[in-house]
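Each remark here refers to the structure printed beneath this line.
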Amino acid sequence: MLAWELPRKSVPAKKPSKHGIVAYRKKRVFSDTPEPPPTRAKTTGNSFVVQEHHARSHHFDFRLEMNGVLVSWAVPKGPPEDPAAKRLAVHVEDHPLEYGKFEGEIPKGNYGAGKVAIWDHGTWEPIGKTWKKEFSAGKLKFLLHGSKLNGGYLLTRMKEEPNWLFRKLDDSKITTSNTPPEVPAFVKPQLARVVPNVPAGDEWIHEIKLDGYRLIVVRTGGDVRLFTRNGLDWTDRFKNLAKAIAGLPGGDFVLDGEAVVFNRAGRSGFGELQAALQHGAGAEIDFVVFDVLNHAGHNTRGLPLAERMKVLDEIIIGEKGRVRRSKTWTAGQGAELFKQACKQNLEGIISKRMNSPYLPDSRDAWVKSKCRARQEFVICGHTPPRGSAKGFGALVLGSREHGKLVPRGKVGTGFSEKTRLELAKKLAKIQRTTPMFDDAEKNVTWVEPQLVAEIEFAEITRDGSIRQGSFLGLREDKAAENVHLEHAIAAHIDAKNVKVAGMVISHPERVVFPADGITKLEVAEYFETVGPWMLPFVANRPLAVIRAPSGISGGLFFQKSFATHVPPNVKAGKLADGTEIFSVKDVKGLVSLAQFGVIEIHPWGSPTRTPEKPDVLIWDLDPDSAVPWQEVLGAAYLVRDFLAGKGLKTLVKTSGGKGLHVMLYIKRNHGWDDLKPFAKSVAKAVAAMNPRRFTIEAAKAKRSGKIYLDWLRNGRGSTCVAPWSPRARPGAPVSRPVDWDDLNEALAAGFTLREPLEIPADWKKIVPQTISKTLIMDVSAL
Numbered sequence: 002m003l004a005w006e007l008p009r010k011s012v013p014a015k016k017p018s019k020h021g022i023v024a025y026r027k028k029r030v031f032s033d034t035p036e037p038p039p040t041r042a043k044t045t046g047n048s049f050v051v052q053e054h055h056a057r058s059h060h061f062d063f064r065l066e067m068n069g070v071l072v073s074w075a076v077p078k079g080p081p082e083d084p085a086a087k088r089l090a091v092h093v094e095d096h097p098l099e100y101g102k103f104e105g106e107i108p109k110g111n112y113g114a115g116k117v118a119i120w121d122h123g124t125w126e127p128i129g130k131t132w133k134k135e136f137s138a139g140k141l142k143f144l145l146h147g148s149k150l151n152g153g154y155l156l157t158r159m160k161e162e163p164n165w166l167f168r169k170l171d172d173s174k175i176t177t178s179n180t181p182p183e184v185p186a187f188v189k190p191q192l193a194r195v196v197p198n199v200p201a202g203d204e205w206i207h208e209i210k211l212d213g214y215r216l217i218v219v220r221t222g223g224d225v226r227l228f229t230r231n232g233l234d235w236t237d238r239f240k241n242l243a244k245a246i247a248g249l250p251g252g253d254f255v256l257d258g259e260a261v262v263f264n265r266a267g268r269s270g271f272g273e274l275q276a277a278l279q280h281g282a283g284a285e286i287d288f289v290v291f292d293v294l295n296h297a298g299h300n301t302r303g304l305p306l307a308e309r310m311k312v313l314d315e316i317i318i319g320e321k322g323r324v325r326r327s328k329t330w331t332a333g334q335g336a337e338l339f340k341q342a343c344k345q346n347l348e349g350i351i352s353k354r355m356n357s358p359y360l361p362d363s364r365d366a367w368v369k370s371k372c373r374a375r376q377e378f379v380i381c382g383h384t385p386p387r388g389s390a391k392g393f394g395a396l397v398l399g400s401r402e403h404g405k406l407v408p409r410g411k412v413g414t415g416f417s418e419k420t421r422l423e424l425a426k427k428l429a430k431i432q433r434t435t436p437m438f439d440d441a442e443k444n445v446t447w448v449e450p451q452l453v454a455e456i457e458f459a460e461i462t463r464d465g466s467i468r469q470g471s472f473l474g475l476r477e478d479k480a481a482e483n484v485h486l487e488h489a490i491a492a493h494i495d496a497k498n499v500k501v502a503g504m505v506i507s508h509p510e511r512v513v514f515p516a517d518g519i520t521k522l523e524v525a526e527y528f529e530t531v532g533p534w535m536l537p538f539v540a541n542r543p544l545a546v547i548r549a550p551s552g553i554s555g556g557l558f559f560q561k562s563f564a565t566h567v568p569p570n571v572k573a574g575k576l577a578d579g580t581e582i583f584s585v586k587d588v589k590g591l592v593s594l595a596q597f598g599v600i601e602i603h604p605w606g607s608p609t610r611t612p613e614k615p616d617v618l619i620w621d622l623d624p625d626s627a628v629p630w631q632e633v634l635g636a637a638y639l640v641r642d643f644l645a646g647k648g649l650k651t652l653v654k655t656s657g658g659k660g661l662h663v664m665l666y667i668k669r670n671h672g673w674d675d676l677k678p679f680a681k682s683v684a685k686a687v688a689a690m691n692p693r694r695f696t697i698e699a700a701k702a703k704r705s706g707k708i709y710l711d712w713l714r715n716g717r718g719s720t721c722v723a724p725w726s727p728r729a730r731p732g733a734p735v736s737r738p739v740d741w742d743d744l745n746e747a748l749a750a751g752f753t754l755r756e757p758l759e760i761p762a763d764w765k766k767i768v769p770q771t772i773s774k775t776l777i778m779d780v781s782a783l
């Protein structure tokens, strides 16, 4: 289920549009475009999505889910956000529901070629019982519940298709809402993403981050059930709470809250909660409620948080007692609340947008500011006990990143003797014989990755491991396959205090990779961490960059120079022929670029001081989407072996996309006029080994089903993404160096920004090689 998907509910169907799914199919060749295939869903719901589309003409696509498809309009100037605005909306073909999840690049030559990014998403509901009839006549009045768009809207067909008029309604004059009846049932909870500073603004409210178990409570006909965030029924473990909740006034409901144990000082503690549960039904456990998802059989999730809080007032009034309301603080009190929370050794605070609907699994509208770095990790093994310790020495930890379990170091403190012995018994039942990680250390007893531990720690090191970790307890409410690395830094009261490599990072909380929750600050920290390894390939040479000032879902900008506003620690200048360039010399320069919104760094193949003489040649293996990954690996080996036969040793890295880069580092003895033809001849010779699978033709039409051996990266002013550079693509991929011996184990998905770092042996000491004039002539003659 996507972040903005809600459990399906019945939305009245309309007749299939004459702009239907058949038209969608006819306009596309699905072997050439990553867009989803044309299918009509069997069930229907009430989602909407707005996608920003950088096609031949920039516009926004507005889509409403109806009858198993997304009924769609192209809106050149974007959806109206003011009742005074009137926007043209061009009715286009229906799109499949899967298109609501689509972000990416539609390749050139295809219908709608260009970049697609999700701008807003949420749910919608029609206004009025006769809306179907009105829509058929060319009028649709409806409510939107999204992250950006909320309230009433109107679509009116103009004199004839495909032109419609899109307007925002005056919400104060909307008196009816068709919130449909809904049987109360478990709903996946809305989530919060970690941010580096407390958000400011009138739209936020703030709450103390509680240290307990998140529960979704469902009451139907007097029966009360308590579910964990993953839908496990834990009613038996919280019998006393269930009885207390059963006594609340009113009828059926679904509540969201936290089961906690407060100590005498009024602080919640996860260890105290676990101890209370071990005693039986947990008489000391309280339930703090902060949201209502269903009331009296009606779905309230589409309402803004401010309205849901009013509904909650009808169920729970006070902030004391066994079942109580969560205390909230207004927008301007966030910074002081965070300061006091840290002073009292609390985990931090949660901040929520008052105008946002409740979006299950989403991290868009709720954020958490942490006083201390803390999160869950998967237990993958343990070391032998040392000294007086019993049971085990330290736990070996991991997290899942893009389907792969990666190591996160060890934790050996925070255990009582009783906890060690109890945990050792659990670990003994799930032992395995094979290591969980490559290059695993010896003397580790490995276990199946089933148990989840809550760990507090100082920081994440360059290799992705925790430092100064302390065990807090097991998290039985979280599934091991859902444990991912969050942004680990403790929050600041305001953005002015957030620095990386001595540089102030403005808007550090801005989400750069929406699907992964990776912020601008995390990108800057990555450049600081990996900078010493990246600098040999980017320092003191002309650069080109790709910027994403609003994140990868916003506009992307390719930049080769800075006419004005040159970032600090970045040097702008001109070459002898007048070409404007810029460069960096140190890690501060890289972080300055990140502060400026840079995601990708593309260096020239030659240094600034000798731009006419390259010191690296590159062969970019770019496969068509139909080419199996093993064939891409095979192509890389062929390029390697061909050059090895000429006495030249190459290196390899992932592209951060779907291909590989074969790199040849050389002495600056020849100019581009000699080496560009040499690079083409190498590609031509390798392509001749299997013409059915390889091509050196850049034309898209000639690359279908083949691997394009791109030799055009080699030329004055040409660039290629740097080793270790992130890519501005969903998933936060990285162009990462690999050992030739390990290449066969590399996955097509490549590496991501959050994976542990290490320098492959092949890349630790690169010795530039000499290409003789004779060799250039011999190869160029092939």
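Residue numbering for the sequence shown follows the numbering used here, beginning at 2 and increasing consecutively. Think of the CB as a built atom: it goes at the ideal place given N, C-alpha and C, for glycine as much as any other residue. This structure is a prediction, so every number in the text was calculated from the model and none was measured.
Are at least three pairs of beta-carbons, each pair with one atom in the stretch 381-392 and one in the stretch 324-336, less than 8 Å apart?
no
Whose C-beta lies closer than 7 Å to the C-beta of V592 among residues of the same chain, with five residues either side of it excluded?
V501, A502, M504, A525, F528 and E529
For W712, which beta-bridge partners are listed by DSSP?
Answer is none; W712 lacks a bridge partner.
Terminal residues of the continuous alpha helix (DSSP H) containing R88?
From DSSP, R88 is part of no alpha helix (DSSP H) but of the beta strand (DSSP E) over K87 to P97.
So, does the CB of P35 fall closer than 8 Å to a CB anywhere in chain D?
This model lacks chain D altogether; it includes just one protein chain.
Buried or exposed: which applies to G518, given that a residue is buried once 16 or more other Cβ atoms fall within 10 Å of its Cβ?
buried
Just to confirm, are V218 and G258 a CB contact at a threshold of 8 Å?
yes
Is it buried or exposed, V184, if we count other Cβ atoms within 10 angstroms and call 16 or more buried?
Exposed, by the Cβ-count rule.
Evaluate the contact criterion for the stretch 622-634 versus the stretch 673-685: three or more CB pairs, one atom per stretch, below 8 Å.
With a cut-off of 8 Å, the stretch 673-685 and the stretch 622-634 do not count as touching, because too few Cβ pairs lie within range.
What span of residues does the beta strand (DSSP E) with P678 cover, start to end?
That residue, P678, is in no beta strand (DSSP E); its alpha helix (DSSP H) goes W673 to A688.
Pick from Q275, L360, A276 and D314: whose alpha carbon is nearest that of N300?
L360 is the residue among Q275, L360, A276 and D314 whose C-alpha sits nearest the C-alpha of N300.
Evaluate S656 with the Cβ neighbour count: other Cβ atoms within 10 Å of its Cβ, from every protein chain shown; 16 or more gives buried, anything less gives exposed.
buried
Boundaries of the alpha helix (DSSP H) in which F271 is found, first to last residue
F271 to Q279
Determine the contact status of P37 and V70, defining contact as a CB-CB distance below 8 Å.
no
Within 8 Å, do at least three Cβ pairs link the stretch 345-354 to the stretch 227-246?
In short, these stretches do not touch, since the Cβ pair count stays below three.
CB of F695 within 8 Å of CB of A688, strictly
If you check the CB distance, F695 and A688 come in under 8 Å.
Counting along the chain, where does the alpha helix (DSSP H) carrying M310 start and finish?
L306 to D314
Classify T435 as helix, strand or coil using the three-state DSSP reduction.
coil
Of all the options A454, S269 and N295, which has the alpha carbon lying nearest to the alpha carbon of F378?
A454
Assumed close pair T157, G139 - CB separation to whole angstroms, cut-off 8 Å:
With a beta-carbon spacing of about 6 Å, T157 and G139 fall inside the 8 Å limit used to define contacts.
Rounded C-alpha distance that separates I318 from K210
20 Å
Helix, strand or coil at M535 [DSSP, three-state]
helix
Counted within 10 angstroms of its Cβ, other Cβ atoms place R641 as buried (16 or more) or exposed
By the neighbour-count rule (16 or more Cβ atoms within 10 Å), R641 is buried.
Option in A56, V412, E135 and P163 with minimal Cα separation from S73
P163
Straight-line gap, M535 to I777 (C-alpha atoms, nearest Å):
29 Å
With a threshold of 16 other CB atoms inside 10 Å of the CB of D743, please say whether the residue is buried or exposed.
exposed
Just to confirm, are L544 and P604 a CB contact at a threshold of 8 Å?
yes
Residue nearest to G579 in terms of C-alpha spacing, selected from N570, S562 and K589:
Checking every option, the nearest Cα to that of G579 belongs to S562.
Hey, would you say V567 sits closer than 8 Å to L622, going by beta carbons?
no
Kindly indicate which three-state DSSP category I777 falls into: helix, strand or coil?
helix
Does the distance from the C-beta atom of P757 to that of P408 stay below 8 Å?
yes
In angstroms with no decimal places, state the Cα-to-Cα distance between G21 and M67.
11 Å
Please report the straight-line C-alpha distance between D464 and L406, rounded to a whole angstrom.
14 Å
Could you tell me which of A762, G606 and A680 sits nearest to R1, measuring between CA atoms?
Beyond the ends of the chain as shown, which are 2 and 783, falls residue 1; an answer cannot be given.
Spatial neighbours of P608 in its chain, beta-carbon cut-off 7 Å, leaving aside the 5 residues before and after
N541, R542 and D616
Nearest-angstrom Cβ-Cβ length linking A260 and F288, presumed shorter than 8 Å
6 Å
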